[in-house]
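Participant:
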Amino acid sequence: MAGIIEKLGNTDRRIIFVLIALSVIIPISFNLILPNPVGAEPSRDLFDYVDALPEGSNVLVSFDYDPSTMPELQPMAEAVVLHLFKKNVNIVGMALWPQGASLGQDAMSGMADSLGKVQFEDWVNLGYKTGGGVMIVRLGSSVSAVFPTDKDNVPWAEIPMLRNITGLESFSLIISLSAGDPGIIQWVMMAGDRFGVPIGCGCTAVSAPTLYTYLQTGQMVGMLGGLKGAADYETLVGIKGGQAIRGMAPQSVAHIVIMLFIIIGNVAYFSQRKKGGAK
Amino acid sequence: MNWEILGIWLGALVTFCLYSFLYRDNPFYKFAEHLFVGMSAGYWVIYNIENVLIPNWWQKMFPAEGGFSWIWVIPGIFALFMIARIVPKIASFSRLSLGMIIGAGAGLNMVSFFQTNALAQVKGTIFSLASDSVWSVFSSLVLVIGVVSGLVYFFFSKAHTGVVGKTANVGITILMVAFGASFGYTIMARLSLLIGRCQFLLEDWLPTIPRLLGFGG
Amino acid sequence: MRLIIPLAITFTAGMIMILNFFIPHQPFRLLGDNLQEWFMIVASGAIFLGAMNLMHVHSRKIKLKLKNWKYSPVTIIGFLLMLVTGLIYGVTEHRPFDYLFMNVVAPMGATMFSLLAFFVASAAFRAFRASNWRATLLLTSAFLVMLGQVPIGAMIWDKIPLAKVWLMSIPNTAGQRAVMIGAAMGVVSTSLRIIFGIERSYLGGTD
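Protein chains in written order, with numbering that gives the first Met the number 0: chain W, 0 to 278; chain S, 0 to 216; chain Y, 0 to 206.
As structure tokens, this is what we get:
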């Protein structure tokens, strides 16, 4: 028995790789979908806030991520955009990360096409700007000074839905889909605390624990944390079999597998320590 | 040519090239890695030209209604100074641009971090004290004690002995719980990325094979 | 002199941002607005610097036939491919530049970082040890979060997600907040040191 435990403790890392891959591949291959109940999570708070927005409000969605976090944030982007469109809210998209401009365009144009929403009347993608927090402060006093054109260089004056937008106070809500810096922290600091605009957030699971502090203080109205947050929003919006919801089954299995790895590693460690082999 | 299928196959090809690293470092991985770096850099440059320099600098310097706004020459020169760093003889000019960037960033961060990450957090902790149920009172106390003891742990100007030491010990305990939560979330994040790629390979790429072979949709 | 002018610029830029925060009226508003718009242009210069440096490094590798030089043309060709398609077709959706991004760059970016899933699993297996009670607490907290974040946690016991929400909202918030306040104080003091020219390392050297 001790020999088996010792062998398990020295498992080649490539075997671990294969097991992790299988734990993800098998549930996807069998199209396993687990029910995703949404409890008193911060994702529900964001959904409720968006749901209460009056028709015709302007919401700024900032796509502050790149492909490295796309599997977590793109389903969020699509679910949030769908919800905003369903509520007949005007979406002004932008990006603090250059690659976010393309990914945001993909999310918005895809949803707009399926719902019959018109570019420049119901939604616009203003594109990317450098400057992070410094640029957000300038947005506070004048959005058109920072974005004289949209992503494809269409002048501000030629975009009808932007006529009533001056500074950040023109927005009923800002949602940052954030993978790091610059991202949600800058939005909370500059747009939320400085200009008093309500802030919502979709973030990677890595940054979610830190951002809970902003929820307790009311600096953020709600948060979608990682793939679970995306799955929650898909559930709340009513997307059947969305990408994030489908991801919850492999996520569950892989979590169990990693927990088993940790338990086996600890059993091997304590067994060796008992024998005096480990310090 | 079906551009959609070609795109999926290109995506799958580079995905397999990169995953080959799991076996060991190899030329396929190195090829994809170098391609990724080059294409990403190209993407950044183009977006800077199209979304920043043209609308925010060039079109402001030469407005559509005609004329020349000389004031925009100044940031242009500062941007050039930044690039000067690559030429050793004139590299010191980049300090002027760095001074501007770092100075503006420091000025903004000083007030913003103090307001958002210090004052608002202290206020949030003080006003967290609830009294509507025993459980919420207990939770509020855990929050307040956790924040205070955590701060004591980070206070290195006094030796961690006696009451300070005991409070710091409570602080470490709270921090361990927080770090554990961060670790759990980190595992979730990394797996989510893998799930995304597997969904692409199994749900987008794999169904194209029968289509290419002439059977299936 | 080579240091005084950059330090003076740093001080001026920093003070404009601070004054613009506390006194959002003229003339500080105008100064702040201009500085913020200029900042974007100068920051773009840094991105060009990065790209030019990348090309310089890889050209040098090819020229001197340094280690792995055979892959350097791939980087240069990839860079030029995006540059040329971007300049010719722009960044509009469904055009060649966007096509290359969505079908080559995006999959590579996503895959590159998904590799970490394997390494984090391997590292957890080898290094995550309940060697003392605090490490056990960390492990327990991690397990609770990992179960509470996925549907299987609620299937095992329906109170697990509730426990996770409490753990995240109370002890986690307390710990993260302590770190956040401490770090904020660090940012404030470092910013002051930079503005007043005490911290100069960002200028690279002290000549």
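Every residue, glycine too, gets a C-beta built ideally from N, C-alpha and C.
I need the boundaries of the beta strand (DSSP E) containing residue 122 (chain W), first residue and last residue.
Facilitator: Here residue 122 (chain W) corresponds to residue number 123 of the first sequence, with the count starting at 1. 122-127 is the extent of the beta strand (DSSP E) around residue 122 (chain W).
Participant: Can you give me the start and stop residues for the beta strand (DSSP E) that residue 94 (chain W) sits inside?
Facilitator: For the purposes of this step, residue 94 (chain W) is identified with residue 95 of the first sequence, where counting begins at 1. That run of the beta strand (DSSP E) goes 89-94.
Participant: Measuring only from the beta carbon, is residue 122 (chain S) closer than 8 angstroms to any heavy atom that is part of the ligand GTP?
Facilitator: As for the ligand GTP, it is missing from this structure, which has no ligand bound.
Participant: Using 9 angstroms as the threshold, is the C-beta distance between residue 184 (chain W) and residue 115 (chain S) below it?
Facilitator: In the first sequence, residue 184 (chain W) corresponds to position 185, counting from 1. In the second sequence, residue 115 (chain S) corresponds to position 116, counting from 1. Yes, these two residues count as a Cβ contact at 9 angstroms.
Participant: At a Cβ threshold of 9 angstroms, is residue 108 (chain S) touching chain Y?
Facilitator: Position 109 of the second sequence, counting from 1, holds the residue named residue 108 (chain S). So yes, residue 108 (chain S) belongs to the interface.
Participant: For residue 27 (chain W), go through chain S and note every residue whose CB falls closer than 8 angstroms to its CB, in chain order.
Facilitator: Along the first sequence, read from residue 1 onward, the residue named residue 27 (chain W) stands at position 28. In chain order: 194, 197, 198, 201 and 202.
Participant: So, using beta-carbon positions, are residue 224 (chain W) and residue 41 (chain W) closer together than 9 angstroms?
Facilitator: As a first step, residue 224 (chain W) must be located in the first sequence, where it is residue number 225. As a first step, residue 41 (chain W) must be located in the first sequence, where it is residue number 42. Yes. Within cutoff.
Participant: Just to make sure I have the definition right: I need the residues of chain S whose C-beta is within less than 8 angstroms of the C-beta of residue 180 (chain Y). Which are they?
Facilitator: Start at 1 with the first residue of the third sequence, and residue 180 (chain Y) comes out as number 181. Per Cβ cutoff of 8 angstroms: 116, 117, 120, 121, 146 and 150.
Participant: Consult DSSP for residue 222 (chain W) and reduce its assignment to one of helix, strand or coil.
Facilitator: Here residue 222 (chain W) refers to the residue found at position 223 when the first sequence is read from its first residue. If DSSP states are grouped into helix, strand and coil, residue 222 (chain W) belongs with the strands.
Participant: Counting Cβ pairs closer than 8 angstroms, one from the stretch 4-23 of chain Y and one from the stretch 97-104 of chain S, do we hit at least three?
Facilitator: Touching, yes.
Participant: Which complete beta strand (DSSP E) runs does the stretch 51-104 of chain W hold, if anything under 3 residues is left out?
Facilitator: Whole beta strand (DSSP E) segments, 3+ residues: 57-63 and 89-94.
Participant: Quick one: Cα of residue 23 (chain S) to Cα of residue 118 (chain Y), how far?
Facilitator: The residue labelled residue 23 (chain S) in the question sits at position 24 within the second sequence. The residue labelled residue 118 (chain Y) in the question sits at position 119 within the third sequence. The straight-line gap from Cα to Cα measures roughly 13 angstroms.
Participant: With H, G and I counted as helix, E and B as strand and the rest as coil, what does DSSP make of residue 177 (chain W)?
Facilitator: Within the first sequence, residue 177 (chain W) is the residue found at index 178, counting from 1. It is a strand residue.
Participant: Do residue 177 (chain Y) and residue 238 (chain S) come within 9 angstroms of each other at the CB atom, strictly closer than that value?
Facilitator: Nothing can be reported for residue 238 (chain S), as the shown portion of chain S is limited to 0 through 216.
Participant: Starting from the C-beta of residue 88 (chain Y), find all residues in its chain whose C-beta is less than 7 angstroms away, skip the five residues before and the five after it, and write them out in chain order.
Facilitator: Here residue 88 (chain Y) refers to the residue found at position 89 of the third sequence. Around residue 88 (chain Y): 94, 95 and 96.
Participant: Does any CB atom of chain A fall closer than 9 angstroms to the CB of residue 133 (chain Y)?
Facilitator: Here the protein chains are W, S and Y, and chain A is not one of them.
Participant: Using a Cβ-Cβ cutoff of 8 angstroms, what residues of the stretch 217-244 of chain W are near chain S? List them in chain order.
Facilitator: The stretch 217-244 of chain W vs chain S, Cβ under 8 angstroms: 217, 218, 224, 225, 226, 227 and 242.
Participant: Could you tell me the distance, in whole angstroms, from the CA atom of residue 186 (chain W) to the CA atom of residue 175 (chain W)?
Facilitator: Position 187 of the first sequence, counting from 1, holds the residue named residue 186 (chain W). Position 176 of the first sequence, counting from 1, holds the residue named residue 175 (chain W). Taking the straight line from one Cα to the other gives about 7 angstroms.
Participant: Drop a sphere of 10 angstroms on the beta-carbon of residue 75 (chain Y), count the other beta-carbons inside from all chains shown, and report buried for 16 or more, exposed for fewer.
Facilitator: Along the third sequence, read from residue 1 onward, the residue named residue 75 (chain Y) stands at position 76. Buried: at least 16 other Cβ atoms inside 10 Å.
Participant: In this structure, what does DSSP give as the bridge partners for residue 199 (chain W)?
Facilitator: One-based indexing of the first sequence puts residue 199 (chain W) at position 200. Answer is W:174 and W:221.
Participant: Name the chain W residues whose beta carbon is nearer than 8 angstroms to that of residue 46 (chain Y)?
Facilitator: As a working note, residue 46 (chain Y) is residue 47 in the third sequence. Near residue 46 (chain Y) (Cβ distances below 8 angstroms), the residues of chain W are 129.
Participant: Using beta carbons (cut-off 9 angstroms, strictly below), is residue 51 (chain Y) in contact with chain W?
Facilitator: Here residue 51 (chain Y) refers to the residue found at position 52 when the third sequence is read from its first residue. By this cut-off, residue 51 (chain Y) is not an interface position.
Participant: Which whole-angstrom value describes the C-beta separation of residue 112 (chain Y) and residue 270 (chain W), a residue pair presumed to lie in contact below a C-beta threshold of 8 angstroms?
Facilitator: Working through the third sequence from its first residue, we reach residue 112 (chain Y) at position 113. Working through the first sequence from its first residue, we reach residue 270 (chain W) at position 271. Contact flag wrong, Cβ pair sits at about 35 angstroms.
Participant: In angstroms, rounded to a whole number, what distance separates the CA positions of residue 265 (chain W) and residue 129 (chain Y)?
Facilitator: For the purposes of this step, residue 265 (chain W) is identified with residue 266 of the first sequence, where counting begins at 1. For the purposes of this step, residue 129 (chain Y) is identified with residue 130 of the third sequence, where counting begins at 1. Their Cα atoms are separated by approximately 7 angstroms.
Participant: Counting only beta-carbon separations shorter than 9 angstroms, does residue 160 (chain Y) have a partner in chain W?
Facilitator: Within the third sequence, numbered from 1, the residue matching residue 160 (chain Y) stands at position 161. At least one chain W Cβ lies under 9 angstroms of residue 160 (chain Y).
Participant: How many whole angstroms separate the CB atoms of residue 261 (chain W) and residue 127 (chain Y), which I take to be in contact at a CB cut-off of 8 angstroms?
Facilitator: For the purposes of this step, residue 261 (chain W) is identified with residue 262 of the first sequence, where counting begins at 1. For the purposes of this step, residue 127 (chain Y) is identified with residue 128 of the third sequence, where counting begins at 1. Yes, residue 261 (chain W) and residue 127 (chain Y) are in contact; Cβ-Cβ is about 5 angstroms, under 8 angstroms.
Participant: Assign residue 231 (chain W) to one of two classes, buried (16 or more other C-beta atoms within 10 Å of its C-beta) or exposed (fewer than that).
Facilitator: Within the first sequence, residue 231 (chain W) is the residue found at index 232, counting from 1. The residue is buried, with at least 16 neighbouring Cβ atoms inside 10 Å.
Participant: Residues in the same chain with beta-carbon distance under 7 angstroms from residue 112 (chain W), minus the five sequence neighbours each way, listed in chain order, please.
Facilitator: The residue labelled residue 112 (chain W) in the question sits at position 113 within the first sequence. Here the set comprises nothing.
Participant: Return the residues of the stretch 35-55 of chain S that lie within a Cβ-Cβ distance of less than 7 angstroms from chain Y, sorted by chain order.
Facilitator: Within the stretch 35-55 of chain S, the qualifying residues are 35, 36, 37, 38, 39, 40, 41, 42, 43, 44, 45, 46, 47, 49, 51, 52 and 55.
Participant: Relative to the C-alpha of residue 86 (chain S), which residue among Y:92, Y:16, Y:90 and Y:51 is closest?
Facilitator: The sequence position of residue 86 (chain S) within the second sequence is 87, counting from 1. Answer by Cα proximity: Y:51.
Participant: Using a beta-carbon distance below 9 angstroms, is residue 164 (chain Y) in contact with chain W?
Facilitator: For the purposes of this step, residue 164 (chain Y) is identified with residue 165 of the third sequence, where counting begins at 1. So, interface residue.
Participant: Evaluate the contact criterion for the stretch 19-39 of chain Y versus the stretch 123-138 of chain W: three or more CB pairs, one atom per stretch, below 8 angstroms.
Facilitator: Yes, since at least three Cβ pairs between the stretch 19-39 of chain Y and the stretch 123-138 of chain W fall closer than 8 angstroms, the two stretches touch.
Participant: Taking only runs of the alpha helix (DSSP H) that begin and end inside the stretch 107-148 of chain Y, which ones reach a length of at least 4 residues, in chain order?
Facilitator: Taking only runs of at least 4 residues, the alpha helix (DSSP H) segments lying wholly in the stretch 107-148 of chain Y are 132-147.
Participant: Write down the C-beta distance between residue 70 (chain W) and residue 109 (chain Y) rounded to the nearest angstrom, noting that I regard them as a contact closer than 8 angstroms.
Facilitator: Within the first sequence, the letter at position 71 stands for residue 70 (chain W). Within the third sequence, the letter at position 110 stands for residue 109 (chain Y). Correct: roughly 6 angstroms between the Cβ atoms.
Participant: Spell out the partners DSSP gives residue 118 (chain W) in its beta bridges.
Facilitator: Taking the first sequence and counting its residues from 1, one reaches residue 118 (chain W) at position 119. Paired residue(s): W:122.
Participant: For residue 302 (chain W), return the contacting residues in chain Y, with the cut-off set at a CB-CB distance below 7 angstroms.
Facilitator: No answer is possible for residue 302 (chain W): it lies beyond the span of chain W, which begins at 0 and ends at 278.
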